Structures are given as C-alpha cells and as structure tokens.
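Enquirer: Handing you this structure, nothing more for now.
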Ligand code: FNR
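In full-length UniProt numbering, the protein residues as written are 105 to 473.
Right, here's the structure in full:
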C-alpha cells in the first residue's frame, strides 16, 4: 500500500510483515519462549483507563518535553533496536535523519548495522542522540566505545541490564544464521562474535554476564554522560539505581525478548514510583523513569506519563515504519504520534505534558491479569 494509506502504527507492522524477508521478520518480531510478555506489553495498557477532565480550554496543546535535560518535540524517544539493515538498506540512518528533521531523540544501539560514526555523522547540528550499551567482556572495548560516544556529543548512556544472556527467540533461532552485510558490520565492531543460534545470539556473545552493581562506580568514572539503566523491573532495583546516583532507569522487558512472563513496564511503573517517593517528592529532578514495550498509541504514551514516567521508548513501531517506507515512514510515524497526542490531550484535558497527573488515569485494574 502507498504510505498515504497508513493510518496508525499497527499498519506499518502489517506492511513490514508482508514485505520483509522471512529472516528479518523473524528477528524483529520475535520474542522469547511462549511470547507471553510481548502480548502482555499491549494488554497492560488496555487495563489502564482514562479519567478525562473537561472545560479546560484546550485550544492550544503542547506535547514537547525534555528528556535527560534535552529538548524533545515528542514525549517519545527511539529506543535502540539492533540490525536495522536486515530490514532496509539504509538501516538506522532512516531513524537518524527523520529524528533530526523533527527534533526527536534517537538511542543508538551497540549492535547497529551502520557504524557508530556513520550514525552520528548523519545527525544535523544540535540533534540529540543517546547511546545504548551492551557491556563487553573486554572492558577496554567498552571504555573506548563510551568515551568515543561522549566525545562525539552523545548526551546519555543507556546500559542494558536485562540481557546477561540473550533470550531464546525461537522464531529467530529456527532461521539458520548465514552472513549478511549488516551482521558483518557488527562483527567488525565487537569481538567474540559466534555464528550458531539465530541472528540474535550470533551477534551477542560478547556481552558480559558478570556485570554487577559493583561496576557502576567504574561507569561513572569513565564518563560524564547521564547514566540510565535500561531493563529494570522492580522497585528494589529502582531504589538501588537511585542510591547509586544514576540519572534514571527504563522500565522495560526488552520488548518481550528476554525473560518471558516478566511483567510489563507500565505495571511496574506504579510500584516503582511509589518506592521512589520515599526518596523525595515525585517527579524528582535528579532521577527520571522511562517505560518501553508495547507502545503503539499516543494514549499509551499519555498513560505512562500520567503515572509518573518522563517519556517513553518505542522500538518496533519505528523499525517497521522504516522497513516499510524508509525515512519517510519514520516521519509519518512521528506525524501519527503528533495527531494522536493532540487529540488525546484535548480529550483528557491536559494542555501540556506537565499537566498530566495520576488522577487522569484509573489504573486500579492494572494487576488483574
Ligand atoms: C530490541 N531491543 C534492544 N534493546 C537493547 O537494549 N539493545 C538492542 O540491541 C536491542 N535490539 C532490539 C532489536 C529488536 C528487533 C527489537 C524489537 C528490540 C529492545 C528495545 O530497545 C525496546 O526495549 C523494545 O523494542 C520496546 O518494545 P517495543 O516498542 O518493540 O514493543
């Protein structure tokens, strides 16, 4: 279908499924084991209901915000997703260019299929980028990567902590791994790459499962970028991240690709914010909480923010948009978010992101699975 026929973010997924090679579709769409968590990521948002306010003069609504102190035109950032070239020849650069044009923040993946420098070079002046880190068993490689990112102007370090071992994504594992241009690039960038059990595992064998809280001071010593832990799921770990002096956490289950039957980020958010209130009033300028997983609608975004998140991450929806239509697809995805945000904020009675508050949602059914 032509891009003009795309009405919502689900449509990109349908197009991607129809046009992608089987292997790319398997890698992008798969989740671990029985794929219960990936379904729950969508279902959980449907257990949160709005309590809209009326008569608030919503003629002008503004959904721009700041994320880790950086301006963002949307309360949504592009989360790191590996191997963009499996789905489109320009890979991650589609995201970079669309993001630069529209003031959206991109998180660059360690396992990008374009080189890190290519992605930074494709940014326009003043464009904000974050970087996602898989920590290498060889800490010198990690240190160089992080310090290079900071030198190149990256504004935030997201350390992925939910993947000491890659989840078993069985759809992906059934596709026998053969070499591809995108994968080859990753092999160049990271040492210790193995070639046996599907794309995901093949590219991830360098990741260090010994990573622990004891390493956190070292990360703080090698960079001045704000450090965020990506893949936290409990109030216990949220408080540890806070007490270690980190800048924030992403409540994420890696898009359902790691621990299956892990709860959704939106469900965990409520307990996490309650726990963090023991450290001071919420929102707390010293610590931001992000949520990702299953976000396909502006209503999902607004629910997470009302419950205390600063912003949300989106993975697959942006990937599918560039698989289907390249950079233009990503721009269209931003436009869909803008249109939906405008309408939903008016209907909820929130003129700005700051006006979204917990009393605008009813999350009392969130734990009823
Ligand atoms: C991911 N994700 C991910 N996360 C990460 O920290 N490093 C990575 O390399 C990847 N790679 C990756 C590849 C693909 C194909 C997907 C779908 C996801 C997880 C990603 O950052 C994010 O947490 C989820 O994608 C959010 O869920 P949704 O938006 O895809 O539902």
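The beta-carbon is built from N, C-alpha and C at its ideal position, and this holds for glycine as well. Remember, predicted model here, so these are calculated numbers, not experimental data.
#1: Go to residue 169, then tell me how far its beta strand (DSSP E) extends in each direction, as first and last residue.
#2: Residue 388 to residue 355, Cα distance in whole Å?
#3: Could you compute how far the alpha carbon of residue 226 sits from the alpha carbon of residue 310?
#4: Taking a cut-off of 5 Å, which residues have a beta-carbon closer than that to any heavy atom of the ligand FNR, in chain order?
#5: What residue does the alpha helix (DSSP H) around residue 334 start on, and which one ends it?
#6: Starting from the C-beta of residue 425, find all residues in its chain whose C-beta is less than 6 Å away, skip the five residues before and the five after it, and write them out in chain order.
#7: Counting C-beta neighbours from all protein chains within 10 Å, is the total for residue 349 16 or more, i.e. buried, or is it exposed?
#8: Give the secondary structure of residue 279 by DSSP, where H, G and I count as helix, E and B as strand, and everything else as coil.
#9: By the three-class DSSP mapping on this structure, what secondary structure does residue 382 have?
#10: Helix, strand or coil for residue 182? Go by DSSP, reduced to three states.
#11: Check whether the Cβ atoms of residue 276 and residue 456 lie closer than 9 Å to each other.
#12: I'd like the list of long-range same chain contacts for residue 120, defined as Cβ closer than 6 Å, with 5 residues on each side in sequence excluded.
#13: Which residues mark the beginning and the end of the alpha helix (DSSP H) in which residue 464 is found?
#14: Let me check one thing: in DSSP terms, what residues is residue 415 bridge-paired to?
#15: DSSP beta-bridge partners for residue 261?
#16: Suppose the cutoff is 6 Å on Cβ atoms and the five residues either side in sequence are ignored; what does the same chain contact list for residue 308 look like?
#17: Run through DSSP, which three-state label would residue 426 get?
#18: Taking residue 146 as part of the alpha helix (DSSP H), name the residues at either end of that continuous run.
#19: Applying the criterion that 16 or more other CB atoms from any shown protein chain within 10 Å of the CB defines a buried residue, is residue 273 buried or exposed?
#20: Out of 164, 153 and 352, point me to the one whose CA is closest to residue 415's CA.
#21: If you draw a straight line from the alpha carbon of residue 153 to that of residue 465, how long is it in whole angstroms?
#22: DSSP state of residue 363, grouped into three classes?
#23: In whole angstroms, give me the CA-to-CA distance for residue 397 and residue 357.
#24: Determine the extent of the alpha helix (DSSP H) in which residue 250 is found, giving its start and end residues.
#25: Would you mind sorting residue 390 into buried or exposed? The rule is 16 or more other CB atoms within 10 Å of its CB.
#26: Based on the DSSP secondary-structure assignment, which residues constitute the bridge partners of residue 175?
#27: Look up residue 474 in the DSSP assignment and say whether it is helix, strand or coil.
#28: Please report the residue range of the beta strand (DSSP E) in which residue 352 lies.
#29: Please report the Cβ distance between residue 258 and residue 329, rounded to the nearest whole angstrom; I am assuming they are in contact, meaning their Cβ atoms lie under 8 Å.
#30: If you measure between the beta carbons of residue 403 and residue 372, is that distance less than 9 Å?
#31: Just list the residues that DSSP pairs residue 153 with in beta bridges.
Expert: If we stick to the structure as given:
#1: Per DSSP, residue 169 belongs to the beta strand (DSSP E) from 169 to 171.
#2: 16 Å
#3: Approximately 27 Å, taken between the alpha carbons.
#4: 132, 183, 184, 185, 186, 213, 215, 236, 264, 356, 358, 359, 396, 397, 398, 418, 419 and 420
#5: Counting along the chain, residue 334 falls outside any alpha helix (DSSP H), though it belongs to the beta strand (DSSP E) covering 331 to 336.
#6: 116, 433, 434 and 437
#7: exposed
#8: Of the three classes helix, strand and coil, the one that applies to residue 279 here is coil, per DSSP.
#9: helix
#10: Reduced to three states, the DSSP call for residue 182 is strand.
#11: no
#12: 424, 427 and 428
#13: Note, residue 464: premise wrong, no alpha helix (DSSP H); not H, not E.
#14: 394
#15: Answer is 235 and 331.
#16: A distance below 6 Å between beta-carbons, with the five flanking residues on each side excluded, links residue 308 to the following residues of its chain, in chain order: 270.
#17: helix
#18: 140 to 149
#19: buried
#20: 352
#21: 6 Å
#22: Coil, per DSSP.
#23: 7 Å
#24: From DSSP, the alpha helix (DSSP H) with residue 250 extends over 243 to 255.
#25: exposed
#26: 170
#27: Nothing can be reported for residue 474: it is not among the residues displayed for the chain, which extend from 105 to 473.
#28: Here the beta strand (DSSP E) through residue 352 covers 352 to 355.
#29: Confirmed, Cβ separation roughly 7 Å.
#30: no
#31: 466
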